[in-house]
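Asker: Numbering (the working numbering), first residue to last: 24 to 302. Here a beta-carbon is modelled for each residue, glycine too, at the ideal position from N, C-alpha and C. Keep in mind it's a predicted model, so treat the numbers as computed, not measured.
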Amino acid sequence: MTFVRVMGFSLLILLVYTGFANILPQVQGDPPKEEEIDAGSLDMAGMVSLGQQLFSGKGTCTLCHNKRLRAPDLLALDLAKSFPQRLADPRYTGIAKSKEGAQAIGEYIHESMLDPSKYVVAGFGKKGSGDTISQMPKINLPPISLSPVEINAITAFLQDRAGLTPTIALPSASEAPAPSNDAGEEEEGPSTTAVAALEKFGCSSCHDLEGSEADIGPKLNGISKKLDDAKITEAIIKPNAEIAEGFEADTMPDDFGEQMRVSELNLIIDYLKNLPENP
Ligand code: HEC
Ligand code: HEC
Numbered sequence: 024m025t026f027v028r029v030m031g032f033s034l035l036i037l038l039v040y041t042g043f044a045n046i047l048p049q050v051q052g053d054p055p056k057e058e059e060i061d062a063g064s065l066d067m068a069g070m071v072s073l074g075q076q077l078f079s080g081k082g083t084c085t086l087c088h089n090k091r092l093r094a095p096d097l098l099a100l101d102l103a104k105s106f107p108q109r110l111a112d113p114r115y116t117g118i119a120k121s122k123e124g125a126q127a128i129g130e131y132i133h134e135s136m137l138d139p140s141k142y143v144v145a146g147f148g149k150k151g152s153g154d155t156i157s158q159m160p161k162i163n164l165p166p167i168s169l170s171p172v173e174i175n176a177i178t179a180f181l182q183d184r185a186g187l188t189p190t191i192a193l194p195s196a197s198e199a200p201a202p203s204n205d206a207g208e209e210e211e212g213p214s215t216t217a218v219a220a221l222e223k224f225g226c227s228s229c230h231d232l233e234g235s236e237a238d239i240g241p242k243l244n245g246i247s248k249k250l251d252d253a254k255i256t257e258a259i260i261k262p263n264a265e266i267a268e269g270f271e272a273d274t275m276p277d278d279f280g281e282q283m284r285v286s287e288l289n290l291i292i293d294y295l296k297n298l299p300e301n302p
């Protein structure tokens, strides 16, 4: 019985290969055209799945938008219900006001990435700004630097999650990113400079590094006066072991220890220790 199955399977494999041998020459006859269509044919389903990858990958959205609730938990929130409420709030002055339905929600999501201060969810503004300046970095600028197509992809992903039909424009053939790899690319291979490592892990989205002026976490200038190497390491890989004064626990991601190579950690520690004390 088993033998027959094995035979049958081998025969199948043989047929598949024979089949391929027959097809291959034809494919090879016309390869450039095939590839072009592939790269340029991101349909809406492709955009949604690219957006999903970017949301937790290169876009670093989940650094802040997560269950720890230091920013609205976008994956748990009923966007179709809560976003229209934001748009109806007199504090909202953005472009989505004139739109309706899925279109309005899409515009709001898109705008939230490019110009987060157009509407600041109560309690989530920069300290002392009275909720007029968002703590969220502009996603199209360094260090996150997503392209317009990537920002559209995330918009489509969030609209889709909200149960809405995405309203974004599909990318043209020349704009479309390579189908695979694009979102995960930067995750692969260890960073070889401190600045690259800080970017990879999104440190400057929360700390005032590389001129980001972020203040979700404390300034790190002069950190070596306060903490020795072991304590700096602990602050990075076990952030809740000790909480910096004036800040809350459970804000900084606690899984850098699993994601970082030792070489990246060392680069970062060296860099932080050498930051000028008074920039
Ligand atoms: C450094 C932390 C941080 C990162 C990274 C971040 N955000 Fe935010 N985001 C916030 C905070 C804080 C708010 C709430 C303040 C506000 O309304 O602007 C917010 C608000 C938003 C809102 C409006 C939410 C609402 O309830 O009205 C959207 C949409 C959004 N972010 C999308 C994103 C996307 C998409 C990404 C990734 C590409 C991202 N954010 C990355 C911190 C962050
Ligand atoms: C989502 C925001 C966020 C991100 C991303 C983040 N941090 Fe933090 N970090 C904080 C907050 C908030 C604190 C203060 C609370 C605490 O001590 O855990 C903090 C504390 C620290 C401290 C201790 C500072 C002190 O004065 O004791 C160090 C060092 C630090 N972070 C380094 C880093 C590095 C390096 C990265 C990137 C690998 C990073 N952080 C990414 C929010 C963040």
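For A119, does the count of other Cβ atoms within 10 angstroms reach 16, so buried, or fall short, so exposed?
Answerer: buried
Asker: May I ask you to verify whether the stretch 272 to 287 touches the stretch 226 to 244, counting CB pairs closer than 8 Å and requiring at least 3?
Answerer: yes
Asker: Report the partner residues of S157 according to the DSSP bridge assignment.
Answerer: According to DSSP, which records beta bridges pairwise, S157 is partnered with G148.
Asker: Quick check: the Cα distance between S121 and A127, rounded to an integer number of angstroms?
Answerer: 8 Å
Asker: The alpha helix (DSSP H) with E233 in it runs from where to where?
Answerer: Looking at the DSSP string, E233 is not in any alpha helix (DSSP H), and its letter there is neither H nor E.
Asker: Would you kindly work out how many angstroms separate the C-alpha atoms of I162 and L250, rounded to a whole number?
Answerer: 31 Å
Asker: Compute every distance between the C-beta of C226 and the non-hydrogen atoms of ligand 1, then say whether any falls below 7 Å.
Answerer: no
Asker: Between K150 and ligand 2, is there a pair consisting of the residue's CB and a ligand heavy atom that are separated by less than 7 Å?
Answerer: Every heavy atom of ligand 2 is 7 Å or more from the Cβ of K150, so no.
Asker: Buried or exposed: Q158, going by 16 or more other Cβ atoms within 10 Å of its Cβ?
Answerer: buried
Asker: Could you check if V172 belongs to the surroundings of ligand 1, using beta carbon to heavy atom distance under 7 Å?
Answerer: Answer for V172: no, Cβ out of range of ligand 1.
Asker: Enumerated in chain order, which unbroken segments of the alpha helix (DSSP H) with a length of 4 residues or greater are wholly contained in the stretch 73 to 108?
Answerer: 84 to 87
Asker: Does the beta-carbon distance from F9 to F78 come in below 8 Å?
Answerer: Absent from the structure is residue 9, since the part of the chain shown begins at 24 and ends at 302.
Asker: Please tell me whether, using a cut-off of 7 Å, the distance from the CB of M159 to the nearest non-hydrogen atom of ligand 2 is below it.
Answerer: no
Asker: How many angstroms separate the CA atom of A267 from the CA atom of P194?
Answerer: Answer to the nearest angstrom: the Cα atoms are 44 Å apart.
Asker: Taking F279 as the reference, give the member of L100, G69, L86 with the closest Cα.
Answerer: L86
Asker: Just confirm the distance between the C-beta atoms of M70 and A176, as a whole number of angstroms; I'd bet it's less than 8 Å.
Answerer: A Cβ-Cβ separation of about 5 Å places M70 in contact with A176 under the 8 Å criterion.
Asker: In the DSSP assignment, the alpha helix (DSSP H) including V143 goes from what residue to what residue?
Answerer: Here V143 belongs to no alpha helix (DSSP H), and DSSP marks it neither H nor E.
Asker: Here's the rule: buried if 16 or more other CB atoms are within 10 angstroms of the residue's CB, otherwise exposed. What is E130?
Answerer: Residue burial annotation: E130 is buried, with at least 16 other C-beta atoms found within 10 angstroms of its C-beta.
Asker: Grab me the residues of L221's own chain with a C-beta within less than 8 Å of its C-beta, minus the 5 sequence neighbours each way, in chain order.
Answerer: Excluding residues up to 5 positions away in sequence, P166, S227, L232, E233, I291, Y294 lie with their Cβ nearer than 8 Å to the Cβ of L221 in the same chain.
Asker: Compute the Euclidean distance between the alpha carbons of E58 and S72, then round it to the nearest angstrom.
Answerer: In this prediction, E58 scores a pLDDT of 35, lower than 50, which makes its location untrustworthy; no coordinate-derived value is stated.
Asker: Run through DSSP, which three-state label would G31 get?
Answerer: Low per-residue confidence applies at G31: pLDDT is 49, beneath 50, and the placement is therefore not dependable enough to give any value.
Asker: In three-state terms, what does DSSP make of L164?
Answerer: Three-state result, L164: coil.
Asker: Using a threshold of 8 Å, state whether the C-beta atoms of A237 and P160 are closer than that.
Answerer: yes
Asker: Is A94 close to ligand 1? I mean its beta-carbon at under 7 Å from any heavy atom of the ligand.
Answerer: yes
Asker: Leaving out five residues on either side along the sequence, give the residues of the same chain with a beta carbon under 8 Å from the beta carbon of K96.
Answerer: Looking at the sequence itself, residue 96 is Asp, so the reference to Lys does not match. Cβ neighbours of D96 beyond the five flanking positions: H88, N89, K90.
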